[in-house]
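Quick note, the sequence shown lines up with residues 1 to 229 if you use UniProt numbering.
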Amino acid sequence: YGRPFALLYTPATSSFSVVIGTEPDGAALVDQEQIDVWVADWGHWLANLGDEPGIEAASVTIETAPDSGTRLRREVEMNIDDNAPDFAQEMLREVVARYPSGSSTVKASVAITFNASHRSGSRKRKAEEMARELAARLPGLTAGLQATGAGAAHPLSAQELCEAIRIAYDPAAAVLIDEAHAVGETPELTWPDVGPSAAQASWGGYRHDSAYSCTWAMTSATRGNVQSG
């Protein structure tokens, strides 16, 4: 279907997972009516997942991290006009120099897990069969997701997923990966290489490479009304 995507297989549960990358528009400078439509479409999309055959689970991940500024620098350098006034060029270069110090990048992804069997007790399908079936189903799933305000939704390729996992374990690698893309190179990453080079689990969290992971969980919802704005 002309759109490569990564397909993760979990032998313990005989399930396959696909990760969809999104670019949420956010609520800034958006009318309340549009926000209401997005929320309604999101509920509709989630409800439709219950009617999709073989879907076992779906999860949403929102990642906020310091921005290295490499992508902005590349965009400015590619589009700056040498004939533009010196003052305008200097302003752009100053923005590039100052931007990384206090900026952040926000990424969002949706993971959908499918059972290898059509129904309980039936034959488990192989990776090739699942790949063909999901290639036909993903365009419909991503189109519906875009209507929720998720922006341009697309299934992550193997390279994109490897980069995302590598950065999750080692945030310091984000700068190196961004710099490689800035010069037109693709980082050589394979699935066995993207895990942590060293890790230590404890009662309070999980230390891995250049980061430390821990979880804050909400045990109960607030008793009062929650305002949307």
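For glycine and all other residues, C-beta sits at the position ideal for the given N, C-alpha and C.
Length of the line joining the Cα atoms of residue i and residue j
i	j	result
Ile-177	Pro-187	6 Å
Asp-86	Met-78	17 Å
Val-106	Gly-26	10 Å
Arg-93	Val-76	8 Å
Val-30	Pro-24	12 Å
Ile-165	Gly-195	7 Å
Pro-4	Ala-198	31 Å
Leu-145	Asn-83	42 Å
Ala-150	Thr-142	9 Å
Arg-123	Ile-35	43 Å
Ala-147	Ile-20	14 Å
Gly-54	Gly-205	33 Å
Arg-74	Glu-163	19 Å
Ala-57	Ala-221	22 Å
Asp-193	Glu-160	14 Å
Leu-8	Met-130	11 Å
Thr-64	Ala-168	11 Å
Ala-211	Asp-170	6 Å
Residue i - DSSP class collapsed to helix/strand/coil
i	result
Phe-114	strand
Phe-5	coil
Gly-21	strand
Ile-80	coil
Ala-58	strand
Thr-13	coil
Asp-41	helix
Glu-52	coil
Leu-29	coil
Those residues which DSSP pairs with residue i across a bridge
i	result
Lys-107	Glu-63
Lys-126	Lys-126 is not bridged to any residue.
Supposed close pair residue i, residue j - CB separation, criterion 8 Å
i	j	result
Ala-135	Arg-125	Contact doesn't hold; Cβ gap of about 13 Å is too wide.
Ser-109	Thr-22	6 Å
Ser-68	Ala-174	6 Å
Ala-182	Thr-70	5 Å
Minimum length 4: unbroken alpha helix (DSSP H) runs contained in the segment 151-225: Listed in chain order, the complete alpha helix (DSSP H) runs (minimum 4 residues) inside the segment 151-225 are 158-169, 173-182.
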